[in-house]
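2 protein chains.
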Amino acid sequence: MSTRTAAQRRAEAGSAYDAYLAECPARQLLDRIADKWVSLAVNALADGPQRYSDLHRRLASVSQKMLTQTLRHLERDGLVSRTVTPAVPVRVDYELTALGRSLLPVMCAIKGWAEEHMDEVHAARTAYDAPS
Amino acid sequence: MSTRTAAQRRAEAGSAYDAYLAECPARQLLDRIADKWVSLAVNALADGPQRYSDLHRRLASVSQKMLTQTLRHLERDGLVSRTVTPAVPVRVDYELTALGRSLLPVMCAIKGWAEEHMDEVHAARTAYDAPS
DNA sequence: CGGTATCCGTGACGATACTG
DNA sequence: CAGTATCGTCACGGATACCG
Numbered sequence: 106m107s108t109r110t111a112a113q114r115r116a117e118a119g120s121a122y123d124a125y126l127a128e129c130p131a132r133q134l135l136d137r138i139a140d141k142w143v144s145l146a147v148n149a150l151a152d153g154p155q156r157y158s159d160l161h162r163r164l165a166s167v168s169q170k171m172l173t174q175t176l177r178h179l180e181r182d183g184l185v186s187r188t189v190t191p192a193v194p195v196r197v198d199y200e201l202t203a204l205g206r207s208l209l210p211v212m213c214a215i216k217g218w219a220e221e222h223m224d225e226v227h228a229a230r231t232a233y234d235a236p237s
Numbered sequence: 106m107s108t109r110t111a112a113q114r115r116a117e118a119g120s121a122y123d124a125y126l127a128e129c130p131a132r133q134l135l136d137r138i139a140d141k142w143v144s145l146a147v148n149a150l151a152d153g154p155q156r157y158s159d160l161h162r163r164l165a166s167v168s169q170k171m172l173t174q175t176l177r178h179l180e181r182d183g184l185v186s187r188t189v190t191p192a193v194p195v196r197v198d199y200e201l202t203a204l205g206r207s208l209l210p211v212m213c214a215i216k217g218w219a220e221e222h223m224d225e226v227h228a229a230r231t232a233y234d235a236p237s
C-alpha cells in the first residue's frame with residue numbers, strides 16, 4: 106500500500122484529485138477539456154443533436170481533421186454520443202451525453218467570457234504594447 | 106464606416122462577438138484562455154498574490170519557460186499584474202487583476218469539473234477501449 | 001531570485017487525396 | 001456524406017546554459 110501516489114491516497118480519503126500534479130489523471134483530463142477545439146465543439150452541440158456536416162459548417166474555422174479528432178476524443182471520454190444511421194448517403198449525428206451536458210455550462214461560460222471581455226483585453230493589450 | 110468587419114458591426118449592435126469565426130478576435134481570445142497552462146496558472150493565483158518561485162513550486166508540472174510565457178501573456182491581456190520589488194535577490198509578485206478575477210470562477214469550474222468527473226470519464230474510456 | 005537565450009525533438013495542425 | 005490516410009510545416013514545449 107505504500108506504493109500509492111499522493112493523488113491516489115487523496116482520492117481514497119474522499120478529497121478530490123489534484124490537477125496541479127502532472128501524474129494526476131485529473132491533470133490529463135484538464136489538458137483535454139481546456140482545449141480550444143473542445144470548447145467550440147461542446148458549445149456548438151448545446152442546441153441538441155447535430156449532423157457532422159452541420160457541425161463542420163458551423164465551425165468553419167475548424168479543419169475536418171481536427172473536428173473529427175475532437176469528436177472522437179469526446180466520444181471516448183463519454184461526453185458525446187455518435188449515432189450512425191445507415192442510409193445512402195450515410196448520416197451521422199452527434200449529441201451531448203448527460204456527462205457532456207454537465208460540462209456545457211462551463212464551456213458556455215468560457216466562450217461567453219471571451220466574447221464579453223474582448224474589448225477590455227484588447228485595451229489591455231494595446232496599453233501593454235504601447236511604445237515607450 | 107463601410108470598412109468594419111461583421112464582428113465589429115455585431116458588437117456595436119449590442120450583440121456579442123461570435124467565437125465560431127476564425128477571424129473574430131473573440132476566437133483568438135478563446136484560443137488563449139482555453140489553454141491548460143492558463144487554467145492552471147489562474148487557479149493557482151486564486152489565493153492571492155504569489156511569488157514566481159511559489160507558483161513554480163506549486164505548478165511543478167509546468168516548465169519555467171511555459172510558466173513565464175503564460176504569465177507574460179496573462180499580463181499583456183490585463184488578467185495578471187506583475188510587481189517587481191528591487192532587492193537582492195529580486196522579488197517578483199503576480200496577482201490577478203479585476204479582469205482576471207472575473208475569469209476565476211470559470212477557470213475554477215473547469216478544474217473542478219475535471220477533478221470531479223475524473224472517474225466517470227475513466228470509466229467511459231475503459232468501455233470505449235474495450236476490445237471487441 | 002527571476003528570468004532570458006538557444007537548441008532541438010515531438011506532435012499539432014492544415015492541405016490534399018482517396019474510400020465506403 | 002462522413003470520414004481515413006498521408007504528407008509537410010511549424011510552433012509548442014522541454015532541456016540546458018547564461019545573465020542582472
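These protein sequences, in sequence, are chains B and W. Numbering-wise (my numbering), the first sequence opens with residue 106 and increments by one. Numbering-wise (my numbering), the second sequence opens with residue 106 and increments by one. A virtual CB, placed ideally from N, CA and C, is assigned to each residue, including glycine. Remember, predicted model here, so these are calculated numbers, not experimental data.
Query                                                                                                                        : Result
Any C-beta of chain W under 8 Å from that of residue 134 (chain B)                                                           : yes
Below-8 Å beta-carbon distance, residue 208 (chain B) vs any chain W residue                                                 : yes
Nearest-angstrom Cα separation, counted from residue 146 (chain W) out to residue 178 (chain W)                              : 11 Å
Range of the contiguous alpha helix (DSSP H) that encloses residue 207 (chain B)                                             : 203-221
Separation of residue 126 (chain B) from residue 205 (chain W), as counted between CA atoms                                  : 23 Å
Whole runs of the alpha helix (DSSP H) within the region 134-189 of chain W, excluding any shorter than 4 residues           : 141-149, 157-163, 169-181
Simplified DSSP state of residue 68 (chain W), which is helix, strand or coil                                                : Past the edges of chain W, shown from 106 to 237, lies residue 68 (chain W), and the structure says nothing about it.
Any C-beta of chain B under 8 Å from that of residue 183 (chain W)                                                           : yes
8 Å Cβ cutoff met for residue 135 (chain W) and residue 151 (chain W)                                                        : no
C-alpha gap between residue 216 (chain W) and residue 164 (chain W), whole angstroms                                         : 14 Å
Supposed close pair residue 139 (chain B), residue 144 (chain W) - CB separation, criterion 8 Å                              : 5 Å
Through-space distance from residue 132 (chain B) to residue 161 (chain W), alpha-carbon basis                               : 16 Å
Span separating the alpha-carbon of residue 186 (chain B) from that of residue 207 (chain B)                                 : 14 Å
Reduced DSSP category for residue 128 (chain B) - H, G, I as helix; E, B as strand; rest coil                                : coil
C-alpha distance - residue 168 (chain W) paired with residue 176 (chain W), whole-angstrom precision                         : 12 Å
Euclidean distance between Cα positions of residue 128 (chain W) and residue 173 (chain B)                                   : 22 Å
Residue 193 (chain W): contacting residues in chain B (beta-carbon distance under 7 Å)                                       : None at all; the shortest Cβ gap to chain B is about 27 Å.
Chain W within 8 Å of residue 125 (chain B), Cβ atoms only                                                                   : yes
Exposure label - residue 183 (chain W); buried when at least 16 CB within 10 Å                                               : buried
Inter-residue Cα distance where the pair is residue 218 (chain B) and residue 232 (chain B)                                  : 21 Å
Below-8 Å beta-carbon distance, residue 219 (chain W) vs any chain B residue                                                 : yes
Under 8 Å from the C-beta of residue 223 (chain W): neighbouring residues of chain B                                         : 122, 130, 131, 134
Helix, strand or coil at residue 63 (chain W) according to DSSP, with G and I counted as helix                               : Look at the range of chain W in this structure, 106 to 237, and you will see that residue 63 (chain W) is not part of it.
Integer Cβ distance of residue 154 (chain B) from residue 199 (chain B), believed to fall under 8 Å                          : 7 Å
Outcome for residue 229 (chain B) when other beta-carbon atoms lying within 10 angstroms are tallied against a minimum of 16 : buried
Residue 222 (chain W) versus residue 130 (chain B) - alpha carbon distance                                                   : 11 Å
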